[in-house]
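Peer 1:
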Amino acid sequence: MAKADEILSKSNVLPGAMDILILPELAFTGYVFRDKNHIAPFIETTQGPTFEWAQRVARRLHCHVQVGLARLAEVENGDAEWRNSVILVDPSGELVHVYDKHFLYEVDERWAAEGDSFKAVSIMGRKLGFAICMDINPYRFESPFEEFEFAHFHKEAETDFVSASMAWVLSPGDSARKASTPLSGTLNYWATRMMPMIDSTVNSSKRIIMAVCNRVGGENGTDFCGSSCVLEFANGGASLLGAMGYKQEGFIVVDTLHQERG
14 MAKADEILSK SNVLPGAMDI LILPELAFTG YVFRDKNHIA PFIETTQGPT FEWAQRVARR
74 LHCHVQVGLA RLAEVENGDA EWRNSVILVD PSGELVHVYD KHFLYEVDER WAAEGDSFKA
134 VSIMGRKLGF AICMDINPYR FESPFEEFEF AHFHKEAETD FVSASMAWVL SPGDSARKAS
194 TPLSGTLNYW ATRMMPMIDS TVNSSKRIIM AVCNRVGGEN GTDFCGSSCV LEFANGGASL
254 LGAMGYKQEG FIVVDTLHQE RG
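For the sequence shown, the numbering used here assigns the number 14 to the initial residue and increments by one for each residue that follows.
1. In whole angstroms, what is the alpha-carbon distance linking Ala93 and Ser217?
2. Going by other Cβ atoms of all chains shown within 10 Å of its Cβ, with 16 needed for buried, is Pro54 buried or exposed?
3. Judging by CA-CA distance, which residue of Cys146, Asn248, Arg72 is the nearest neighbour of Ile33?
4. Relative to the alpha-carbon of Met223, which residue among Cys238, Trp203, Phe237 has its alpha-carbon at the smallest distance?
5. The alpha helix (DSSP H) spanning Gly198 covers which residue range?
6. Ordered along the chain, which non-local residues of its own chain (more than five positions away) have a Cβ less than 6 Å from that of Phe9?
7. Can you tell me where the alpha helix (DSSP H) holding Asn50 begins and where it ends?
8. Go ahead and label Met137 buried or exposed: buried means 16 or more other beta carbons lie within 10 angstroms of its beta carbon, across all protein chains shown.
9. Please work out which residues of its chain come closer than 7 Å, Cβ to Cβ, to Lys260, disregarding the five sequence neighbours upstream and downstream, and give them in chain order.
10. Taking the Cβ atom as the reference point for each residue, do Thr58 and Val111 lie within a distance shorter than 8 Å?
11. When burial is assigned at 16 or more other CB atoms within 10 Å of the CB, is Asn201 buried or exposed?
12. For Asp121, does the three-state DSSP call read helix, strand or coil?
13. Quick one: what's got a C-beta closer than 7 Å to Met31's C-beta in the same chain, skipping five residues either side?
14. Express the C-alpha separation of Glu127 and Phe41 in angstroms, rounding to a whole number.
15. Cutting at 7 Å between CB atoms, please list the residues of its own chain near Glu273, excluding the five before and the five after it.
16. Taking 7 Å as the limit between beta carbons, can you name the residues of its chain near Ala133, skipping five residues before and five after?
17. Taking Trp66 as part of the alpha helix (DSSP H), name the residues at either end of that continuous run.
18. Counting C-beta neighbours from all protein chains within 10 Å, is the total for Pro28 16 or more, i.e. buried, or is it exposed?
19. Measuring only the C-alpha atoms, how far is Gly81 from Val215?
20. Mapping DSSP to helix, strand and coil, what is His115?
21. To the nearest angstrom, report how far apart Gly5 and Ala86 are at their CA atoms.
22. Establish whether the CB of Val243 and some CB of chain D are separated by less than 8 Å.
23. What span of residues does the alpha helix (DSSP H) with Leu21 cover, start to end?
24. Going by DSSP, name the residue or residues bridged to Met179.
25. In terms of residue numbering, what span does the alpha helix (DSSP H) encompassing Glu169 cover?
26. According to DSSP, simplified to helix, strand and coil, what is Ile211?
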């Protein structure tokens, strides 16, 4: 949390300058855990330290805050499950939404239960769809690539803003790239996984934004690929509105309403 506070402090962002601040998946705990015992000390409720941080920042910056955490969830039969989740806190500091990762990566399966479904909510005058990393991939990498489960769901939901918290790993061979540049292959892949949504903008005035916040650096032998970005889908194509390097730790603000595009 101190690192996140430091990054925000250095950014000199003014209150009211953003609509939403997005942090990575499991933002304050790390991501690579061996088993349930390893992650157990970091499990928290939606009123725990991560919420308290998000509440403080949301009130100070007058914006929504989305942040990932390892969550203790109560389920219908009264039992408890651990979930890989994001919470969304509004500018007043109220918890307004919780989303649980629906498609789990193999590392998640060591400790977390699947979320019930993908989720889209109406907020800030838009239809916002939550994503946590593996959600945009084929289910367990077993279903056909062209099923596009996540993108089809949000196409039907008429989502026009995808808000993605990620811990996306570095692919072999990508580590030789310049640290200050995003990984074009990764950006292209993220856009490709949204193809049903992109196709919905053909011959239409529809415009869809995808904002991705990804981890950088390494942890327990796993390297992450950064490249946090904002993509625009319109007129049947994808445009990059802003991005960070694959090893670049920091903060980026993108004006999705007035961004000039060549």
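The beta carbon of each residue, even a glycine, is placed where N, CA and C say it ideally should be.
Peer 2: According to the data block:
1. Here residue 93 refers to the residue found at position 80 of the sequence shown. Here residue 217 refers to the residue found at position 204 of the sequence shown. The alpha-carbon atoms of Ala93 and Ser217 are separated by roughly 45 Å.
2. In the sequence shown, residue 54 corresponds to position 41, counting from 1. The residue in question, Pro54, is exposed, as its Cβ has fewer than 16 Cβ neighbours within 10 Å.
3. In the sequence shown, the residue the question calls residue 33 occupies position 20. Nearest of Cys146, Asn248, Arg72 to Ile33, Cα basis: Arg72.
4. Stepping through the sequence shown from its first residue, residue 223 is reached at position 210. The candidate whose alpha carbon is nearest that of Met223 is Trp203.
5. Walking along the sequence shown from the start, residue 198 turns up at place 185. 197–205 is the span of the alpha helix (DSSP H), which, as asked, contains Gly198.
6. In the structure displayed, the chain extends from 14 to 275; residue 9 sits before or after that span and is not available.
7. Along the sequence shown, read from residue 1 onward, the residue named residue 50 stands at position 37. Taken as a continuous stretch (DSSP letters only), the alpha helix (DSSP H) holding Asn50 covers 49–52.
8. Within the sequence shown, the letter at position 124 stands for residue 137. Its Cβ having fewer than 16 others within 10 Å, Met137 is exposed.
9. By 1-based counting over the sequence shown, the position of residue 260 is 247. The answer, listed in chain order, is Ala192, Val229, Gly239.
10. Locating residue 58 in the sequence shown gives position 45, counting from the first residue. Locating residue 111 in the sequence shown gives position 98, counting from the first residue. Not a contact, by the Cβ cut-off of 8 Å.
11. Numbered from its first residue, the sequence shown carries residue 201 at position 188. Counting Cβ neighbours within 10 Å, Asn201 comes out exposed, since fewer than 16 surround it.
12. Against the sequence shown, residue 121 aligns to sequence position 108. Correct three-state label for Asp121: helix.
13. Indexing the sequence shown from 1 puts residue 31 at position 18. The residues are Leu74, Cys76, Val266.
14. Numbered from 1 along the sequence shown, position 28 holds the residue referred to as residue 41. Numbered from 1 along the sequence shown, position 114 holds the residue referred to as residue 127. Cα to Cα, Phe41 sits roughly 21 Å from Glu127.
15. Locating residue 273 in the sequence shown gives position 260, counting from the first residue. For Glu273, the predicted structure reports a pLDDT of 37, less than 50, and the residue's modelled location is therefore unreliable. The matter cannot be settled from this model.
16. Looking up residue 133 in the sequence shown gives position 120. The answer, listed in chain order, is Lys140, Leu141, Gly142, His167, Ala170, Thr172.
17. Against the sequence shown, residue 66 aligns to sequence position 53. Element bounds for Trp66: 62–74.
18. To locate residue 28, count along the sequence shown from 1; it is residue 15. When all chains shown are included, Pro28 counts as exposed.
19. What you label residue 81 is simply residue 68 of the sequence shown in a count that begins at 1. What you label residue 215 is simply residue 202 of the sequence shown in a count that begins at 1. Cα to Cα, the separation comes out at about 33 Å.
20. What you label residue 115 is simply residue 102 of the sequence shown in a count that begins at 1. Reduced to three states, the DSSP call for His115 is coil.
21. Past the edges of the chain, shown from 14 to 275, lies residue 5, and the structure says nothing about it.
22. In summary, chain D is missing from the structure at hand, where a single protein chain is found.
23. Here residue 21 refers to the residue found at position 8 of the sequence shown. Element bounds for Leu21: 15–24.
24. Position 166 of the sequence shown, counted from the first residue, corresponds to residue 179. Asn227.
25. Taking the sequence shown and counting its residues from 1, the one referred to as residue 169 is at position 156. Looking at the DSSP string, the run of the alpha helix (DSSP H) that includes Glu169 is 162–169.
26. For the purposes of this step, residue 211 is identified with residue 198 of the sequence shown, where counting begins at 1. Helix, per DSSP.
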